[in-house]
Amino acid sequence: ISWQRPSGASLSATVVPAASSNSTSTLSLTYRRPLISQSGRTSATGRSLLNTDYDLASAENQLYLARQSTTEDTLQRYFSAVRARELINVSETDVEIAKETVRAARRKLEEGLVAQIEVSQAEIQLAQSEDSLIAQKRAYRDALDSLLLQMGLKVGQTTELTDTAPEERGAL
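The numbering of the sequence shown is my numbering, which starts it at 91 and goes up by one.
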């Protein structure tokens, strides 16, 4: 059994029981006290060591938080790039629909079923859809550049996002 005070003083006791009836048991008590007063954990050096331990623990915690923040920022930028890529697909579909609407409006105009204003409105919708597609492509490139910058890579390089892992099918 041992006990230690913050000042550095310690007390320990050891008991060795008798191994046989002819031998005797032994009890040993040890008391230690530092020769220099104010030594141990309450001394200036001890407090300095404790403060250093606290500073190290704080620095390790800050490093952990910084890593977590970097990981979160990288993931957010990755998913923003994936979202922007998917919005390009939506805009491309919108452009195709608008082109089909213009073709249909022109056929109806030739057949005399609609007025010229219908064709003009379909063409305006096509132009807006094409503008939206251009804006989505720009947003995708910006999202990729932001991701590359976050990852410490060269901005503007050709990049391909992979958002799915290959599937491994096991035998059932």
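No residue lacks a Cβ here, since even glycine has one placed at the ideal position from N, Cα and C.
Keep in mind that this is a model prediction, so the values were computed, not measured.
Would you tell me roughly how many angstroms separate the C-alpha atoms of Tyr230 and Ala188, rounded to the nearest one? Going from the Cα of Tyr230 to the Cα of Ala188 covers about 22 Å.
When you compare the segment 162 to 181 with the segment 236 to 255, are there three or more beta-carbon pairs, one atom per stretch, that lie closer than 8 Å? Yes, the segment 162 to 181 is in contact with the segment 236 to 255.
Going by DSSP in three states, Ser92 sits in which element: helix, strand or coil? Ser92 falls in the strand class under three-state DSSP.
Just the Cα atoms here: how many angstroms apart are Ala225 and Ala195? The alpha-carbon atoms of Ala225 and Ala195 are separated by roughly 26 Å.
Kindly indicate the opening and closing residues of the alpha helix (DSSP H) around Val209. Here the alpha helix (DSSP H) through Val209 covers Gln206 to Gln240.
Have a look at Asp145, Pro107 and Asn112 and flag the residue whose alpha-carbon is nearest the alpha-carbon of Ser118. Each of Asp145, Pro107 and Asn112 was checked against the Cα of Ser118, and the nearest Cα belongs to Pro107.
Best match in Ala174, Thr183, Thr135 and Thr252 for proximity to Ser236 [C-alpha to C-alpha]: Ranking Ala174, Thr183, Thr135 and Thr252 by CA distance to the CA of Ser236 puts Ala174 first.
Under three-state DSSP, which class holds Arg197? In this structure, Arg197 counts as helix in the three-state DSSP scheme.
Going by CA-CA distance only, name the one from Asp221, Ala217 and Ile91 that's closest to Ala103. Cα-wise, what sits closest to Ala103 is Ile91.
Run of the beta strand (DSSP E) containing Ala103, from where it starts to where it stops: Here the beta strand (DSSP E) through Ala103 covers Ser100 to Val106.
Using 10 angstroms around the beta-carbon of Val245, count the other beta-carbons present and answer buried if the total reaches 16, otherwise exposed. Looking at its Cβ environment, which holds fewer than 16 other Cβ atoms inside 10 Å, Val245 is exposed.
3 or more residues per run - each beta strand (DSSP E) lying fully within the segment 112 to 192: Within the segment 112 to 192, the complete beta strand (DSSP E) segments of 3 residues or longer fall at 116 to 122, listed in chain order.
Got a sec: does the ligand ADP put a non-hydrogen atom nearer than 7 Å to the Cβ of Asp184? This structure does not include the ligand ADP; it has no bound ligands of any sort.
So, using beta-carbon positions, are Asp184 and Ser210 closer together than 8 Å? No. Outside cutoff.
Proximity below 8 Å, CB of Lys198 to CB of Val204: Contact: yes.
Check whether the Cβ atoms of Ser159 and Ser219 sit closer than 8 Å, and answer yes or no. No, they are not a contact pair.
Give the single residue among Arg95, Leu177, Gly98 and Leu155 whose Cα lies nearest to the Cα of Ala233. Check the Cα spacing between Ala233 and each of Arg95, Leu177, Gly98 and Leu155: the tightest is with Leu177.
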